[in-house]
Amino acid sequence: MESAAARPRPVLTAGSVLPADADRAALVARVHHPEADGPCVAAVRGEQVVDLTAVAPTVSDLMERDDAAAVVREADGGHVWRLAELLDAPAGRHDVPHLLAPVDLQVIKAAGVTFARSLLERVIEERTGGDPAQAARVRARVGQVVGGTLDGIRPGSPEADKAKELLVAEGLWSQYLEVGIGPDPEVFTKAPVLSAVGTGADIGVLGASVWNNPEPEAVLVVDSRGRVRGATLGNDVNLRDIEGRSALLLSRAKDNNASCAIGPFIRLFDDGFDLDTVRGLDIDLRIDGTDGYVLHGSSSMREISRDVLDLVAATHGPHHQYPDGFVLFTGTLFAPTEDRQAPGAGFTHEYGDVVRISSPRLGALVNTVVPSEQAAPWTSGVRALMHNLARRGVL
Numbered sequence: 001m002e003s004a005a006a007r008p009r010p011v012l013t014a015g016s017v018l019p020a021d022a023d024r025a026a027l028v029a030r031v032h033h034p035e036a037d038g039p040c041v042a043a044v045r046g047e048q049v050v051d052l053t054a055v056a057p058t059v060s061d062l063m064e065r066d067d068a069a070a071v072v073r074e075a076d077g078g079h080v081w082r083l084a085e086l087l088d089a090p091a092g093r094h095d096v097p098h099l100l101a102p103v104d105l106q107v108i109k110a111a112g113v114t115f116a117r118s119l120l121e122r123v124i125e126e127r128t129g130g131d132p133a134q135a136a137r138v139r140a141r142v143g144q145v146v147g148g149t150l151d152g153i154r155p156g157s158p159e160a161d162k163a164k165e166l167l168v169a170e171g172l173w174s175q176y177l178e179v180g181i182g183p184d185p186e187v188f189t190k191a192p193v194l195s196a197v198g199t200g201a202d203i204g205v206l207g208a209s210v211w212n213n214p215e216p217e218a219v220l221v222v223d224s225r226g227r228v229r230g231a232t233l234g235n236d237v238n239l240r241d242i243e244g245r246s247a248l249l250l251s252r253a254k255d256n257n258a259s260c261a262i263g264p265f266i267r268l269f270d271d272g273f274d275l276d277t278v279r280g281l282d283i284d285l286r287i288d289g290t291d292g293y294v295l296h297g298s299s300s301m302r303e304i305s306r307d308v309l310d311l312v313a314a315t316h317g318p319h320h321q322y323p324d325g326f327v328l329f330t331g332t333l334f335a336p337t338e339d340r341q342a343p344g345a346g347f348t349h350e351y352g353d354v355v356r357i358s359s360p361r362l363g364a365l366v367n368t369v370v371p372s373e374q375a376a377p378w379t380s381g382v383r384a385l386m387h388n389l390a391r392r393g394v395l
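Here's what the structure looks like:
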């Protein structure tokens, strides 16, 4: 990728970031408030953002409340910001109020290989050993053999077993196919608690990577009892060359500075927005390069291979608990194959790319790609949050 250079920030407005039906939505934000020297839980009400920290000191606390949506809509608050003011703030500036990722103490989990189309791209990564120059040749071979074999197959079903037999016979069975159509999904920890970045922030791609892409995903917000309370958008940045060398390099490929973006807001479930809404979401992606390059993509939750509640059950239950709740990236259909830099090499990011992930019911998550090594360091963890909230007297 080219060197990161001075560049204009993406222009964010309330109209471009809010859901299309924001007037009917219960939206949760987190705001860095310089006067408090720390984060505030907040409600988005029209183009105003209202501090609710005195009511719920953490988003995790708010998600535990049965009346969370009513609190967001009606509770008296403290400080009020204009949303436009928060969106205008330069990324990484701690002396001005700005939006953060709308989660805090929740563990950040992710489900992988949940869509058949992107599943084949994982197989291609594995077969190429992470070498983008081999991708076109391997893609043609895999497509010729597999074709529509995986379409409509329910993971763990007898049909999935038959597909496995065929692929084993052809020498194409893969660890990715095992989690894609086998009985158990892949669920991993995407990033540490409190490390995600929000809309408007830089998003990091490891400097050593030369083959990578964004992963636009719906993200479920789940409380300590395993109840899905709402949803948001996420970018599960994927380093295809590194994971392609070995699946054991998953943490190296997935968990780097600023490599997880979540936002812009959590939309809580209510009478007009629920799990069935999430199951029908269309998620759009647009990438704008500094050189005029533009890529459009999309991911439809209607094509997911496993139901979202099955993914939640694989994450939480008698086998594993999350006392502060968790968020769960649900996977993506998007796997770009268009050449960008060299014939046959496929897509990869360049520094300065502006990535916009959007859905009409959830708004837009917008980030600018930089090397992880040059993104703002992650400096505020759980200790800092607890000390800050105690000092403010809200615990």
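Per the UniProt record's numbering, the very first residue in the sequence shown carries number 1; after that it's consecutive. Backbone N, C-alpha and C fix where the C-beta goes; we use that ideal spot for every residue, glycine too.
Query                                                                                                        : Result
Pair within 8 angstroms by beta-carbon distance, ILE181 and GLY230                                           : no
Nearest to LEU194 (by Cα), restricted to the options ALA261, LEU311 and ALA345                               : ALA261
Beta-carbon spacing of ALA258, GLU243 below 8 angstroms                                                      : no
Backbone CA spacing between VAL382 and LEU105 [nearest angstrom]                                             : 8 angstroms
Euclidean distance between Cα positions of residue 450 and PHE115                                            : In the structure as shown, the chain begins at 1 and stops at 395. Residue 450 is therefore absent and cannot be evaluated.
Beta-carbon gap between LYS190 and ASP255 smaller than 8 angstroms                                           : yes
Stretch-stretch touch, CB-based, cutoff 8 angstroms, three pairs: the stretch 107–123 with the stretch 66–81 : no
Extent of the continuous alpha helix (DSSP H) to which residue 396 belongs                                   : Because residue 396 is not part of the residues shown, which for the chain are 1 to 395, the question remains open.
Pair within 8 angstroms by beta-carbon distance, ASP241 and ALA375                                           : no
Uninterrupted alpha helix (DSSP H) stretches inside the stretch 11–93 (no shorter than 4 residues)           : 14–17, 59–64, 68–74 and 83–88
Exposed unless 16 or more other CB atoms sit within 10 angstroms - verdict on GLU2                           : Reliability of the predicted coordinates at GLU2 is poor, the pLDDT of 46 falling under 50, and the value obtained from them is presented with this limitation in mind. Per the 10 Å Cβ criterion, exposed.
Whole-Å CB distance - GLY344 paired with ALA133, under 8 angstroms assumed                                   : 6 angstroms
Run of the alpha helix (DSSP H) containing THR128, from where it starts to where it stops                    : 116–128
From ALA384, SER209, LEU309 and MET301, residue whose alpha carbon lies closest to that of LEU281            : MET301
Neighbour-count burial assignment, GLY38, 16 or more Cβ in a 10 Å radius                                     : buried
Beta-carbon gap between LEU177 and VAL210 smaller than 8 angstroms                                           : no
Whole-angstrom distance between PRO336 and ASN212, CA atom to CA atom                                        : 10 angstroms
Limits of the beta strand (DSSP E) - the one that HIS98 falls within                                         : 98–100
Residue environment, ASP66, which counts as buried when at least 16 other CB atoms sit within 10 Å           : exposed
8 angstroms Cβ shell around THR13 - same chain, five flanking residues per side excluded                     : ALA84 and LEU87
Alpha carbon of VAL168 to alpha carbon of VAL354, nearest angstrom                                           : 41 angstroms
Residue from LEU285, ALA342, LEU206 and ALA42 whose Cα sits closest to the Cα of LEU27                       : ALA42
Nearest neighbour of GLY388, chosen from TYR351, SER16, HIS33 and PRO377 [CA to CA]                          : With the sequence shown as reference, residue 388 is identified as Asn, and Gly is not the correct amino acid for it. When only C-alpha atoms are compared, the closest one is HIS33.
Spatial distance of VAL50 from PHE326 (CA atoms)                                                             : 24 angstroms
GLY363 burial status per 10 Å Cβ neighbour count (16 or more: buried)                                        : buried
Cα-Cα separation between ALA101 and VAL197, rounded to whole angstroms                                       : 5 angstroms
Three-state class that DSSP yields for ALA390 in the structure shown                                         : helix
Enclosing alpha helix (DSSP H) for PRO158 [first to last residue]                                            : 158–169
First through last residue of the beta strand (DSSP E) which encompasses GLU373                              : GLU373 -> no beta strand (DSSP E), and no H or E assigned at all.
Supposed contact pair LEU220 and LEU62 - C-beta distance, whole angstroms, cut 8 angstroms                   : Actually they are not in contact, since the Cβ atoms of LEU62 and LEU220 sit about 16 angstroms apart, beyond 8 angstroms.
Buried or exposed (CB count within 10 angstroms, at least 16 for buried), LEU309                             : exposed
DSSP state of ASP270 mapped onto helix, strand, coil                                                         : strand
Backbone secondary structure at THR290 - three-state DSSP                                                    : coil
Complete alpha helix (DSSP H) runs within the stretch 303–363 (minimum length 4 residues, chain order)       : 308–315
Assumed close pair GLY156, PRO183 - CB separation to whole angstroms, cut-off 8 angstroms                    : 4 angstroms
Residue-chain proximity (GLY207, chain E), Cβ-Cβ < 8 angstroms                                               : Going by chain labels, chain E is absent from the structure shown, which holds only one protein chain.
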